[in-house]
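Okay, structure first, notes after.
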Amino acid sequence: MTVNRREFMKWVAATTGAAAVSGCAGTGGPSAGRVVVVGGGYGGATAARYIKEWSPDIDVTVVERNEVFVSCPISNLVLGGNTGMDSITMGYGGLRARGVRVVRGEAVAVDAAAKQVRLADGSTLAYDRVIVSPGVDFIYDQIPGLQSAEARGRVLHAWKAGPETVALRKQLEAMRDGGVFVFHIPMAPFRCPPGPYERVCQVADYFKRAKPKSKIIVLDSNPDIVSKAGLFRAAWNGLYKGMIDYKPNSELADVDVKGMTVKLTFDDVKGDVLNVVPPQRAGDIARTAGLITANQRWCGVDWLTCESTVARGVHVLGDATLSASAMPKSASMANQHAKVCAAAVIALIKGQPVNPTPMMMNTCYSFVDGKNVMHVASVHAYVAAEKTILPVKGAGGLSDKPSELEGTYAWGWARNIWGEALG
Amino acid sequence: MKSIMIRAGCAAALLAASAGGTALAQDAAQARSHAATCFTCHGNEGRSVGGVPPSLAGQDKGYLLQALKEFRDGKRPATIMHQHAKGYTDAQLEAIAGYFAGVKAGPGTAAPAARGGY
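Protein sequences, first through last, are from chains U and A.
If you read the first sequence in this note's numbering, its first letter stands for residue 2, the second for the next number, and so on.
If you read the second sequence in this note's numbering, its first letter stands for residue 654, the second for the next number, and so on.
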């Protein structure tokens, strides 16, 4: 039997009722389901894009509190004076043009029983599945000196890119040559494992260029550099020799904002500019929604679907999750969570089987100066017997040394991951 | 020849559409899922914004598979690809190469620039 393609498609549709075979069910047809995404960052925006792209008949709404997206990756380069805020600031117009509804607002509650999200303005959004991608919020309980907004305005974290990035850059610009920058790093896990050490490189690069008599004191709660330790040490002992004093096991006791002093358990360290990154946990909405399952900080998920282990129909992505073994809290990882979750949410809404063997890949680039970059990479595969996703043995690794070639790949990574989320 | 190809294609589509053909549909979904792990650096559907790292969309399947295996076996110079390629089985690499070969080449779509009022 020989049939042409058009006749065949008509026949398939008639005999199986499979509208999907003829391609995407048209927009304007009946909705296959409603997905609400809380948070339009690397996790949420990417998940929204792929649900819409892979299944246009699903209604997708993103709730995002900010008008624009500001990228944490690359933001350390703003501190170093190696790029500007415009290069890391993007809009939601591309996502809207794809048919995703983007609502500017603050989600204040997720009611898993009623299947709706409530916003601060009192409005509600009904869903069949909700994806919560709130990033991190900071734990200030153990830092008495940083309780007030005024204190937090003077001693910044700049660990969410945006106004604090600009403000910290201004503090560094205003500092005298010969001044001391004191930087405190919390105990892991925190957002972006290599990020603090890249920041040290960027500030050192700026000082070397503009304020060569200045010093950097790094107070790390951890016993050693958390990521790319050998590579960062080489940069500090080479490019920035004599500029950086690294003090491991430096647990934070308090911050004296008036005296511009970081107080450790056994030592006080005074500086001209202080930068304290507090410990972190899943963003506020995850806590309000009762999604936190581990150490009062992180949200446990089933890595086949990113569905919460405690709330049916609620998925959690990105830094807010209780990381699987050797899984970093990174933009790359949130992007990979998003695609696994998007495919799973579509399958669950349509009653199809979920991919039983998802994989995720991580790439984190760090700039040691304006151009030279090094990476850490890993590949993760779902292991059914362990019911989790685990790093693939023998895969992944580090750069041998920083290079300008990897600098071009780092910017390429940024353009492409931004394009996936918002392009 | 053409009618044979059409018949083969019909058989595949029919299998995918029928309840008995979910395995094929699942294979396709899995190939897309594995290829999507590459999008992060190489762009949505392998269409790289600005072309660095290179676009994968529309490249020859044999070429892509050979390159991936050479990366994995340390026979092709790389900064990072030798480390990523080792994470996938032969069958997965083949599915990924096949996926990108089946995507139409084209420019990537950049995120729209915006000003934050800083």
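Virtual Cβ for every residue (Gly too), placed ideally from N, Cα, C.
Query raised in the report: Taking Cβ positions only, does A758/A come closer than 7 Å to chain U?
Result: no
Query raised in the report: For L399/U, which beta-bridge partners are listed by DSSP?
Result: V377/U
Query raised in the report: In three-state DSSP terms, what is G34/U?
Result: Here G34/U sits in strand by DSSP.
Query raised in the report: Does DSSP put Q117/U in a helix, a strand or coil?
Result: In the structure shown, Q117/U sits in a strand (DSSP, three-state: E or B).
Report task. Provide the residue(s) that pair with Y366/U in DSSP beta bridges, ordered along the chain. Result -> H376/U
Query raised in the report: P354/U versus chain A: which residues are under 8 Å apart at the beta carbon?
Result: T675, Q679
Query raised in the report: In chain U, what lies closer than 9 Å to P706/A by C-beta?
Result: Going along chain U in sequence order, the residues near P706/A (Cβ under 9 Å) are T409, Y410, G413, W414, N417.
Report task. Going by CA-CA distance only, name the one from V258/U, Y43/U, V137/U, L253/U that's closest to D268/U. Result -> Comparing Cα positions, the closest option is L253/U.
**Report entry** For L253/U, the residue or residues it bridges with in DSSP
**Finding:** L265/U
Query - Chain-ordered chain A contacts of A385/U [CB-CB under 9 Å] - result: None at all; the shortest Cβ gap to chain A is about 14 Å.
Report task. Report the three-state DSSP secondary structure of M188/U (helix, strand or coil). Result -> coil
Report task. Counting only the same chain and skipping the five closest in sequence on each side, list residues whose C-beta sits under 8 Å from that of A327/U. Result -> Apart from the 5 residues on each side of it in sequence, A327/U sits with its Cβ closer than 8 Å to the Cβ of S379, H381, L391, P392 in its chain, given in chain order.
Report task. Give a yes or no on whether the minimum CB-CB distance between Q712/A and chain U is below 7 Å. Result -> no
**Report entry** Length of the line joining the Cα atoms of K722/A and L746/A
**Finding:** 8 Å
Query raised in the report: In chain order, which alpha helix (DSSP H) runs of at least 4 residues are fully inside the segment 717-767 of chain A?
Result: 734-738, 743-754
Requested in this report: Given a cut-off of 7 Å, decide if K728/A and A396/U are closer than it, judged by their beta-carbon atoms.
Outcome: no
Requested in this report: Go through its chain and collect everything with a Cβ distance to T364/U's Cβ below 7 Å, but skip five positions before and after it.
Outcome: S333, H376, A378, W414
Query raised in the report: Straight-line CA distance for E161/U to T675/A?
Result: Checking the displayed sequence, the identity of residue 161/U turns out to be Lys instead of Glu. The alpha-carbon atoms of K161/U and T675/A are separated by roughly 44 Å.
Query raised in the report: Does any residue of chain A bring its CB to less than 7 Å from the CB of T364/U?
Result: Between T364/U and chain A, the shortest Cβ-Cβ separation is below 7 Å.
Report task. For P357/U, count neighbouring Cβ atoms within 10 angstroms of its own Cβ and tell me buried if that reaches 16, exposed if not. Result -> exposed
**Report entry** Own chain, CB closer than 7 Å to A763/A, minus 5 neighbours either side, in chain order
**Finding:** V702
Report task. Quick one: measure Cβ to Cβ for G432/U and M261/U, integer angstroms, because I've assumed they're closer than 8 Å. Result -> Only positions 2 to 424 of chain U appear in the structure, and residue 432/U is not among them; the question remains open.
Query raised in the report: Can the beta-carbon of G41/U be found less than 7 Å from the beta-carbon of V71/U?
Result: no
Query raised in the report: Name the DSSP beta bridge partners of F139/U, please?
Result: Q281/U
Report task. Determine which residues of the segment 78-107 of chain U have a Cβ less than 7 Å from any Cβ of chain A, and write them out in chain order. Result -> M86, D87, T90, M91, G92, G94, G95
**Report entry** Coarse secondary structure for M86/U, derived from DSSP in three states
**Finding:** helix
Query raised in the report: Alpha carbon to alpha carbon, how far is D726/A from A744/A?
Result: Rounded to the nearest angstrom, the two C-alpha atoms are 15 Å apart.
Query raised in the report: If you check the beta carbons only, do A159/U and V101/U fall under 7 Å apart?
Result: no
Query raised in the report: Could you give the distance in angstroms between the alpha-carbon of R298/U and the alpha-carbon of A422/U?
Result: Taking the Cα positions, R298/U is about 26 Å away from A422/U.
Query raised in the report: Comparing alpha-carbon positions, which option in I347/U, G424/U, V256/U, R416/U lies nearest T306/U?
Result: I347/U
**Report entry** Positions along the segment 295-309 of chain U whose CB lies within less than 8 Å of some CB in chain A
**Finding:** none
Query raised in the report: Using the rule of at least 16 other Cβ atoms within 10 Å of the residue's Cβ for burial, across every protein chain shown, is L275/U buried or exposed?
Result: L275/U comes out buried.
**Report entry** S686/A to S56/U span [Cα, whole Å]
**Finding:** 14 Å
Requested in this report: Would you list, in chain order, the members of the segment 139-164 of chain U that have their beta-carbon closer than 9 Å to a beta-carbon of chain A?
Outcome: G163, P164
Requested in this report: Kindly indicate the opening and closing residues of the beta strand (DSSP E) around P392/U.
Outcome: First-last of the beta strand (DSSP E) with P392/U: 389-392.
Requested in this report: Run the proximity test for N223/U: is its beta-carbon closer than 6 Å to any non-hydrogen atom belonging to the ligand NAD?
Outcome: The ligand NAD is not among the ligands present in this structure, which contains no ligands whatsoever.
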